[in-house]
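Q:
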Amino acid sequence: MRTSKLDSDMEDVEPMEGEVNGEFTDSDSDSEEEDVRKSAIPSKDAVYDRDAINDKLREISWPENLGWIHKLSLDINQEQDVDVNDDLAREMAFFAQASEGSRRGFEKNETMGIPFLRPLDYYGEMVKSDTHMLKVKSRLLADKRNMEESEERRKARDSKRQAKEVQAQKQKERAALKKSEIEAVKKWRKQRQQNGFPAAGGKKNGDEIGLEFGDGGKPFAKSNWQRPGVSPGDRSGGQGRMKSRNGAGKPVKKIVKRVRKDSKFGYGGRKGLKKQNTADTTDDFRGFRKAGGDAGTKRRRKQ
Amino acid sequence: MAKKRKHSETAVAAPQKKEEVAPERPKRTLLGWKDKEAAAVAAPAEDKDDEVHQPTNFRNKEKVLVTCSRRIAYRYRHLMLNVVSLLPHCKKDNKVESQSSKGVALSEMVELKSCSSCLFFECRKHKDLYLWMAKCPSGPSVKFLVNAVHTMEELKLTGNHLKGSRPLLTFSANFDKDAHWKLLKEMITQIFGVPKEHRKSKPYHDHVFVFSIVDDHIWFRNYQISVPHNESDKMARGGLDKMTLVEVGPRFCLNPIKIFGGSFGGPTLYENPFYISPNQIRALEKRKTAGKYAKKVKAKTRRKVHELSNQLEAGEFSEMWKDQ
Chain D
119 MRTSKLDSDM EDVEPMEGEV NGEFTDSDSD SEEEDVRKSA IPSKDAVYDR
169 DAINDKLREI SWPENLGWIH KLSLDINQEQ DVDVNDDLAR EMAFFAQASE
219 GSRRGFEKNE TMGIPFLRPL DYYGEMVKSD THMLKVKSRL LADKRNMEES
269 EERRKARDSK RQAKEVQAQK QKERAALKKS EIEAVKKWRK QRQQNGFPAA
319 GGKKNGDEIG LEFGDGGKPF AKSNWQRPGV SPGDRSGGQG RMKSRNGAGK
369 PVKKIVKRVR KDSKFGYGGR KGLKKQNTAD TTDDFRGFRK AGGDAGTKRR
419 RKQ
Chain C
276 MAKKRKHSET AVAAPQKKEE VAPERPKRTL LGWKDKEAAA VAAPAEDKDD
326 EVHQPTNFRN KEKVLVTCSR RIAYRYRHLM LNVVSLLPHC KKDNKVESQS
376 SKGVALSEMV ELKSCSSCLF FECRKHKDLY LWMAKCPSGP SVKFLVNAVH
426 TMEELKLTGN HLKGSRPLLT FSANFDKDAH WKLLKEMITQ IFGVPKEHRK
476 SKPYHDHVFV FSIVDDHIWF RNYQISVPHN ESDKMARGGL DKMTLVEVGP
526 RFCLNPIKIF GGSFGGPTLY ENPFYISPNQ IRALEKRKTA GKYAKKVKAK
576 TRRKVHELSN QLEAGEFSEM WKDQ
């Protein structure tokens with residue numbers, strides 16, 4: 119009983135196997151080999167059985183007058199040959215093919231009245247999971263952020279460089295201006311000096327102020343006597359000459375005491391008693407002429 | 276789960292020929308199941324196209340079996356899984372063992388699962404991927420070498436589409452240039468095209484497949500059609516002017532090796548004359564670098580001989596310091 123059952127099983131299986139067997143009796147070696155025996159020379163004896171291929175094609179193809187909706191296939195013409203190794207061009211060609219195809223497909227669907235694009239509110243299972251899309255999104259955002267940051271950094275660097283340049287420029291200008299101003303003043307002084315001092319009592323240029331000095335109102339000439347304790351930046355000139363410039367140039371009477379004190383301590387009074395015994399002052403006997411008399415009298419009195 | 280077809284049905288399929296059918300349906304030995312059976316067994320009849328010349332009873336019953344060989348690399352396995360997710364009309368099967376009787380075993384398995392075609396990913400030496408595309412009972416089969424694989428998991432491929440929606444298949448015009456390309460085009464259309472009104476298919480067309488022949492290779496790309504949404508209800512948002520394509524993946528490049536007349540075997544109908552197996556390529560490269568030292572030694576001796584034969588003249592100043 120059992121054997122008969124087995125036999126019947128075998129019989130059931132056979133017709134199928136028989137059909138399959140008949141097809142590939144001589145095929146195994148061909149299909150299995152990994153080293154195909156073809157070489158790089160294209161014109162070698164490659165099998166190309168066009169008739170058999172066309173026969174097979176006819177066998178398997180669907181009926182010709184089948185609606186396009188079943189096949190959904192479109193043929194797109196490629197305008198130019200694409201170089202395989204140029205990645206960008208190749209991908210652009212594929213992209214162009216796809217967009218052309220989708221446009222044509224859309225039109226075809228429009229004519230048939232079939233909805234084509236997916237509406238917003240249609241939710242269904244997508245081919246990539248949500249977690250994966252989250253990863254994609256975060257990566258895109260990170261890329262964008264990196265790009266923006268690098269842009270900003272570059273801009274900051276550029277603007278800094280520019281600002282530095284501008285500043286350098288400005289400083290140069292300022293220095294030049296200062297220099298020119300000082301030069302101008304120096305020149306003016308020289309001019310004045312060159313033009314000579316006027317005779318005693320005479321005034322030059324009308325803008326001179328005859329100040330009462332101990333020397334008898336000399337016009338402002340750069341004297342080589344600088345009061346020792348007076349700082350160089352003191353604009354009073356050591357003797358307070360410029361200080362008394364009133365509106366119309368009227369000479370201001372100054373008490374001798376004030377003048378003397380000014381010249382000793384500079385305009386503004388005693389200023390901390392800075393160096394008074396410097397090299398200049400040891401050789402300087404101007405102050406001694408007046409004071410020498412008093413000191414002498416004291417001694418003479420004592421004696 | 277899918278309704279498993281009984282053995283009786285597949286047995287019926289084998290001797291079936293279609294010559295006696297109405298003239299609009301020439302012999303179709305593959306898409307075999309007569310619609311009477313289909314109507315009885317499967318879902319109730321759907322609306323068919325009712326244009327004048329169309330076969331009103333055509334129903335695409337394509338089923339693809341997707342398997343791989345055992346020692347497949349992770350990248351290729353992911354590629355296979357991506358393909359499985361792209362084709363709702365496929366069935367994924369377990370890994371196939373040894374190579375020896377591969378053709379027989381595979382054809383049997385396809386019949387067993389009642390599929391009409393097969394995509395078999397074979398990985399050799401853990402490095403090279405070969406793809407077999409076969410139409411099963413008696414159809415032709417093609418073996419390809421797969422290059423340039425990028426799977427969907429790559430983060431640079433940012434698109435997404437409905438799982439199982441029917442794709443638009445675009446072929447470049449060179450597919451009509453030659454017979455074997457036409458055959459390949461037909462096979463690709465049948466295998467990669469999702470059947471209309473398939474149970475797992477989704478309604479809208481939101482992605483496009485691109486098959487184009489460049490440099491005798493078939494390049495595959497998958498793009499999502501995305502249109503920026505202004506209003507929530509309208510379908511055609513100002514036509515497709517603002518349509519953009521975003522790549523979904525996967526990406527691969529197929530190099531056809533051979534076309535056989537039967538499934539996984541049979542008489543060779545076409546061999547690619549430009550095909551060099553990857554093993555040969557590797558061997559060639561090794562041979563190029565192999566003789567480096569020998570070549571160097573040869574070059575040195577050659578130079579010496581050359582120098583001996585053509586003596587240099589003594590220059591002007593060569594005698595100058597001789598005495599000192």
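Note that the protein sequences, when read in sequence, are chains D and C. Quick note: our numbering has the first sequence finishing at residue 421, numbered continuously throughout. Quick note: our numbering has the second sequence finishing at residue 599, numbered continuously throughout. All residues carry an ideal CB built from backbone N, CA and C; glycine is no exception.
Does the CB of F396/C have a neighbour CB from chain D at under 8 Å?
A: Taking Cβ atoms only, chain D never reaches closer than 8 Å to F396/C, which makes this a no.
Q: Short of 9 Å Cβ to Cβ, which residues in the stretch 441-458 of chain C face chain D?
A: Against chain D - using a Cβ distance shorter than 9 Å - the residues of the stretch 441-458 of chain C are R441, P442, L443, L444, T445, F446, S447, A448, N449, F450, D451, D453, A454, H455, K457 and L458.
Q: Is the Cβ-Cβ distance between S344/C and C398/C less than 8 Å?
A: In contact: S344/C and C398/C (Cβ atoms closer than 8 Å).
Q: When you compare only the Cα positions, how much space is there between M251/D and N264/D?
A: Rounded to whole angstroms, M251/D to N264/D spans 20 Å at the Cα level.
Q: Taking 7 Å as the limit between beta carbons, can you name the residues of its chain near Q280/D, skipping five residues before and five after?
A: If we look at Q280/D and ignore the five residues flanking it on each side, it has no Cβ neighbours.
Q: When the Cα atoms are used, what is the spatial distance from E152/D to A558/C?
A: Reliability of the predicted coordinates at E152/D is poor, the pLDDT of 32 falling under 50, and the value obtained from them is presented with this limitation in mind. Approximately 14 Å, taken between the alpha carbons.
Q: Buried or exposed: K418/C, going by 16 or more other Cβ atoms within 10 Å of its Cβ?
A: Under this definition K418/C is a buried residue.
Q: Between D205/D and chain A, is there a C-beta pair that is closer than 8 Å?
A: Here the protein chains are D and C, and chain A is not one of them.
Q: Under 8 Å by Cβ, that's how I've got P442/C and F484/C pegged, so tell me the actual separation to the nearest angstrom.
A: The Cβ separation is near 5 Å, so the contact holds.
Q: Please identify, using Cβ separations under 9 Å, the residues of the stretch 335-369 of chain C that lie next to chain D, in order along the chain.
A: So the close ones are N335, N357, S360 and L361.
Q: State the Cα-Cα distance for the pair S538/C and K563/C, rounded to the nearest angstrom.
A: Their Cα atoms are separated by approximately 39 Å.
Q: Could you name the residues of chain C that M251/D contacts, counting a contact when the two beta carbons are closer than 7 Å?
A: Ordered by position in chain C, the residues that pass the 7 Å Cβ test against M251/D are N435.
Q: Leaving out five residues on either side along the sequence, give the residues of the same chain with a beta carbon under 7 Å from the beta carbon of H455/C.
A: Result list for H455/C: I534 and Y545, in chain order.
Q: With a Cβ-Cβ cutoff of 8 Å, do E522/C and G468/C count as a contact?
A: Contact: no.
Q: Measuring CB to CB, does P470/C end up less than 8 Å from E386/C?
A: It is not a contact, given that the beta carbons lie outside the stated cut-off.
Q: Output yes if chain C places a C-beta closer than 8 Å to the C-beta of G242/D; else output no.
A: Closer than 8 Å: yes.
Q: Report back the beta-carbon spacing between S464/C and L444/C to the nearest angstrom; my notes put them in contact at under 8 Å.
A: Note on identity: in this sequence residue 464/C is Thr, with Ser being the wrong assignment. Confirmed, about 6 Å.
Q: Can you grab the Cα-Cα spacing for the pair W407/C / S392/C, in whole Å?
A: Going by the C-alpha atoms only, they are around 10 Å apart.
Q: May I ask you to report which of helix, strand or coil DSSP gives I463/C?
A: Three-state result, I463/C: helix.
Q: Quick check: the Cα distance between G185/D and K366/C, rounded to an integer number of angstroms?
A: The alpha-carbon atoms of G185/D and K366/C are separated by roughly 26 Å.
Q: May I have the straight-line CA-CA distance separating E291/D from E301/D, to the nearest angstrom?
A: Distance between the alpha carbons of E291/D and E301/D: 15 Å.
Q: What in chain D is Cβ-close to V502/C, meaning under 8 Å?
A: Ordered by position in chain D, the residues that pass the 8 Å Cβ test against V502/C are L235.
Q: By DSSP, does R404/D sit in helix, in strand, or in coil?
A: Reduced to three states, the DSSP call for R404/D is helix.
Q: Considering only their Cβ atoms, is the gap separating L235/D from V341/C smaller than 8 Å?
A: No. Outside cutoff.
Q: Less than 8 Å between CB atoms is the rule here; does L259/D satisfy it with respect to chain C?
A: So no, L259/D is outside the interface.
Q: Can you tell me which of the three DSSP states D598/C falls into?
A: D598/C falls in the coil class under three-state DSSP.
Q: Starting from T543/C, follow its DSSP beta bridges and name the residues at the other end.
A: Answer is F535/C.
Q: Within the same chain, show all residues whose beta-carbon is closer than 8 Å to that of K475/C, passing over the 5 residues directly before and after it, in chain order.
A: Cβ within range, chain order: P363, H364 and G439.
Q: Out of curiosity, what's the CA-to-CA distance linking K452/C and D261/D?
A: Taking the straight line from one Cα to the other gives about 43 Å.
Q: Going by the DSSP bridge assignment, what does T445/C pair with across the sheet?
A: In DSSP, T445/C forms a bridge with L192/D and V485/C.
Q: For a contact meaning CB atoms closer than 7 Å, what does R168/D contact in chain C?
A: Simply A454.
Q: With a Cβ-Cβ cutoff of 8 Å, do M427/C and P525/C count as a contact?
A: Contact: yes.
Q: Are A600/C and I194/D closer than 8 Å when you measure CB to CB?
A: Look at the range of chain C in this structure, 276 to 599, and you will see that residue 600/C is not part of it.
Q: A164/D: which of I532/C, D403/C, E594/C and G540/C sits nearest, CA to CA?
A: The candidate whose alpha carbon is nearest that of A164/D is I532/C.
Q: Kindly indicate if chain D contains any beta-carbon less than 8 Å away from that of N530/C.
A: No - not a single Cβ of chain D is within 8 Å of the one on N530/C.
Q: So that I know if they touch, is there some Cβ in chain D lying closer than 8 Å to that of F333/C?
A: It does; some Cβ of chain D falls within 8 Å.
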